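K.L.:
What follows is a structure written as structure tokens; I'll ask about it next.
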Amino acid sequence: MNIEIRKEAQALHSYVVNLRKHFHQHPELSLEEWETSKRIQAELTEMGIPVTPAAETGVIGLIGSGGPVIALRADIDALKVEEQNDIVYKSCVPGVMHACGHDAHTAALLGAARILKAHEEELNCTVKLIFQPGEEVSKGAKMILEAGHLDHVEQIFGLHVFADIPVGYVNIEPGPRMAESDYFKITIKGRQGHAGKPQQCVDATVAAAAMILNLQQIVSRETNPIDSAVVTIGHVECGTVRNVIAGSAVLEGTVRTFSREEGRRIKNAVKRVAMGTAATYHATANVEYNLSAHPAVDNDLDVAEIAFSGAAEVFERKAFLEVPKMMLGEDFSVYQQRVPGAFAFIGAGNEEMGRAYPNHHEKFNIDEDAVTNSVMMYLAYVQEYVNRKEQEAKGKGTGSDRKAAAQEGGLFGRFQKLRRERERR
Ligand code: NI
Numbered sequence: 037m038n039i040e041i042r043k044e045a046q047a048l049h050s051y052v053v054n055l056r057k058h059f060h061q062h063p064e065l066s067l068e069e070w071e072t073s074k075r076i077q078a079e080l081t082e083m084g085i086p087v088t089p090a091a092e093t094g095v096i097g098l099i100g101s102g103g104p105v106i107a108l109r110a111d112i113d114a115l116k117v118e119e120q121n122d123i124v125y126k127s128c129v130p131g132v133m134h135a136c137g138h139d140a141h142t143a144a145l146l147g148a149a150r151i152l153k154a155h156e157e158e159l160n161c162t163v164k165l166i167f168q169p170g171e172e173v174s175k176g177a178k179m180i181l182e183a184g185h186l187d188h189v190e191q192i193f194g195l196h197v198f199a200d201i202p203v204g205y206v207n208i209e210p211g212p213r214m215a216e217s218d219y220f221k222i223t224i225k226g227r228q229g230h231a232g233k234p235q236q237c238v239d240a241t242v243a244a245a246a247m248i249l250n251l252q253q254i255v256s257r258e259t260n261p262i263d264s265a266v267v268t269i270g271h272v273e274c275g276t277v278r279n280v281i282a283g284s285a286v287l288e289g290t291v292r293t294f295s296r297e298e299g300r301r302i303k304n305a306v307k308r309v310a311m312g313t314a315a316t317y318h319a320t321a322n323v324e325y326n327l328s329a330h331p332a333v334d335n336d337l338d339v340a341e342i343a344f345s346g347a348a349e350v351f352e353r354k355a356f357l358e359v360p361k362m363m364l365g366e367d368f369s370v371y372q373q374r375v376p377g378a379f380a381f382i383g384a385g386n387e388e389m390g391r392a393y394p395n396h397h398e399k400f401n402i403d404e405d406a407v408t409n410s411v412m413m414y415l416a417y418v419q420e421y422v423n424r425k426e427q428e429a430k431g432k433g434t435g436s437d438r439k440a441a442a443q444e445g446g447l448f449g450r451f452q453k454l455r456r457e458r459e460r461r
């Protein structure tokens with residue numbers, strides 16, 4: 037396959053930027069992306085790409101015919117945020133804003149689709165475009181999956197723009213990248229009574245105070261310091277008036293981890309500490325615990341390496357930035373539970389333009405070079421996948437070792453080392 041990725045993506049720059057501005061100006065909330073969906077379908081149809089609606093407001097497009105299927109995913113929904121940017125393409129929907137850059141993802145995947153369609157004859161696989169609704173409510177990926185759209189997919193690639201990463205930088209790393217986010221509610225029952233007669237009461241406030249402190253030990257004393265986890269109590273409610281001992285208390289909190297096992301371990305610990313502490317104070321505790329709808333985003337080594345090697349042909353070496361894993365969640369992980377997948381971070385911030393507010397901020401905006409960089413990232417992954425399949429068919433190996441050997445150090449070295457370790461196993 038021979039896409040001149042940088043050149044062809046840059047030729048489409050104004051196309052994708054205009055699309056991004058259009059989506060930005062007309063944001064729609066999760067699972068209500070009807071107009072967004074219509075526009076996506078119209079663009080794909082105009083390109084000659086067959087479309088299927090999926091998960092109600094989602095859209096699936098197919099390029100190529102036959103061969104293994106690989107999927108590219110973009111999320112399309114906006115957030116309940118009142119935009120505070122002073123721009124001509126400012127959201128025209130009160131209280132709704134593309135404050136997470138999904139407008140950029142949608143535009144970028146349409147740009148990549150246009151170029152892939154032009155090179156359709158060179159494909160030895162089928163590229164499935166997944167325009168996913170409802171990411172912000174953690175429902176869209178599950179709906180797409182349950183409708184069977186991933187059934188014959190071999191691997192999946194997705195990306196996200198971040199304005200707190202400067203534009204020009206890109207990141208793909210193997211392993212955990214984004215967190216699982218669980219939450220819980222603890223209801224403590226004691227015995228209410230007179231503030232002057234504590235001996236007749238079971239003080240739920242004191243039990244709650246002890247519980248809040250004891251729960252902190254789960255991370256500090258029971259979690260491997262090399263791993264990352266968070267236990268936060270964000271909401272406490274107890275008591276009504278100063279001279280009454282509270283008979284009940286409620287604590288609400290969230291837990292962030294980077295694996296399901298870690299999430300389950302902390303779940304058990306929260307229950308144990310809550311019940312044990314309550315018992316110490318003659319109270320009882322009821323724990324309602326909700327494991328996140330999506331686990332941590334955990335990048336498959338092979339898929340990450342394909343995307344990385346492809347990107348290394350397109351981006352300069354200094355564009356690759358090592359980015360620590362994030363305590364944010366992403367339902368892309370739902371797909372990764374089913375098929376191997378990788379998720380890239382795309383730098384989109386520009387301090388000079390005043391566009392470096394974090395995602396979900398009411399002044400969030402991006403340097404639109406990030407949209408074109410996202411187009412290039414999608415294409416880089418597909419082209420590398422296709423070329424490797426071609427080489428495999430010719431019995432020439434994957435070519436990855438050649439590239440990795442030529443580029444030691446940093447992320448390049450890391451991928452090479454991981455690969456060697458795995459081959460030894
Ligand atoms: Ni997002």
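In our numbering, the protein residues as written are 37 to 461. Where is the CB? At the ideal position from N, CA and C, for every residue including glycine. Since this is a predicted model, take the numbers as computed values, not measurements.
(1) Three or more C-beta pairs closer than 8 angstroms, one from the segment 156 to 172 and one from the segment 90 to 109: is that the case here?
(2) Need the endpoints of the beta strand (DSSP E) that Lys462 sits in, please.
(3) Pick out whichever of Val272, Thr93, Ile254 has its Cα sitting closest to the Cα of Lys307.
(4) Measuring straight from C-alpha to C-alpha, what distance separates Val206 and Cys128?
(5) Assign Arg213 to one of two classes, buried (16 or more other C-beta atoms within 10 Å of its C-beta) or exposed (fewer than that).
(6) Flag this pair as touching only if the segment 281 to 290 and the segment 233 to 242 have three or more C-beta atom pairs under 8 angstroms; answer yes or no.
(7) When every heavy atom of the ligand HEM is checked, does at least one fall within less than 8 angstroms of the C-beta of Asn395?
(8) Which residue's Cα is closest to the Cα of Gly383: Thr408, Ala285, Asn250?
(9) Please determine if the segment 119 to 135 and the segment 56 to 65 are in contact, where contact requires at least 3 C-beta pairs separated by less than 8 angstroms.
(10) For Glu398, is the beta carbon positioned less than 8 angstroms from some heavy atom of the ligand NI?
(11) Is the closest heavy atom of the ligand NI to the C-beta of Gly270 under 8 angstroms?
(12) Could you tell me the boundaries of the beta strand (DSSP E) in which Arg109 lies?
(13) For Ala321 and Gly377, I'd like the C-alpha separation in whole angstroms.
(14) Ala347 and Met413: beta carbons closer than 9 angstroms?
(15) Along the beta strand (DSSP E) that carries Asp239, what are the first and last residues, could you check?
(16) Are there 16 or more other CB atoms within 10 angstroms of the CB of Gln191, so buried, or fewer, so exposed?
(17) Nearer than 8 angstroms: is that true of the beta carbon of Glu171 relative to any heavy atom of the ligand NI?
(18) At which residues does the beta strand (DSSP E) containing Ala231 begin and terminate?
(19) Can you check which of these residues, Ala91, Gly170, Pro86, is closest to Arg150 by C-alpha distance?
P.N.:
Judging by the given coordinates:
(1) yes
(2) Nothing can be reported for residue 462: it is not among the residues displayed for the chain, which extend from 37 to 461.
(3) One-based indexing of the sequence shown puts residue 307 at position 271. The shortest C-alpha separation from Lys307 is found at Ile254.
(4) For the purposes of this step, residue 206 is identified with residue 170 of the sequence shown, where counting begins at 1. For the purposes of this step, residue 128 is identified with residue 92 of the sequence shown, where counting begins at 1. Roughly 31 angstroms between the two C-alpha positions.
(5) One-based indexing of the sequence shown puts residue 213 at position 177. Buried, since its Cβ has 16 or more Cβ neighbours within 10 Å.
(6) yes
(7) Absent from the structure shown: the ligand HEM. Ligands present: the ligand NI.
(8) Here residue 383 refers to the residue found at position 347 when the sequence shown is read from its first residue. That would be Thr408, whose Cα lies nearest to the Cα of Gly383.
(9) yes
(10) Within the sequence shown, residue 398 is the residue found at index 362, counting from 1. Because no heavy atom of the ligand NI lies under 8 angstroms away, the Cβ of Glu398 does not count as near it: no.
(11) Locating residue 270 in the sequence shown gives position 234, where the first residue counts as 1. Every heavy atom of the ligand NI is 8 angstroms or more from the Cβ of Gly270, so no.
(12) On the sequence shown, residue 109 is found 73 positions in, with the first residue counted as 1. Counting along the chain, the beta strand (DSSP E) containing Arg109 begins and ends at 105 to 111.
(13) For the purposes of this step, residue 321 is identified with residue 285 of the sequence shown, where counting begins at 1. For the purposes of this step, residue 377 is identified with residue 341 of the sequence shown, where counting begins at 1. When rounded, the distance between both Cα atoms is 40 angstroms.
(14) Stepping through the sequence shown from its first residue, residue 347 is reached at position 311. Stepping through the sequence shown from its first residue, residue 413 is reached at position 377. The answer is yes: Cβ separation under 9 angstroms.
(15) Residue 239 sits at position 203 when you count from the first residue of the sequence shown. Segment: none, Asp239 is in no beta strand (DSSP E) and carries neither H nor E.
(16) Within the sequence shown, the letter at position 155 stands for residue 191. Gln191 comes out buried.
(17) Along the sequence shown, read from residue 1 onward, the residue named residue 171 stands at position 135. Yes, since a heavy atom of the ligand NI falls inside the 8 angstroms radius drawn around the Cβ of Glu171.
(18) As a working note, residue 231 is residue 195 in the sequence shown. That residue, Ala231, is in no beta strand (DSSP E); it is neither H nor E in DSSP.
(19) What you label residue 150 is simply residue 114 of the sequence shown in a count that begins at 1. Nearest of Ala91, Gly170, Pro86 to Arg150, Cα basis: Pro86.
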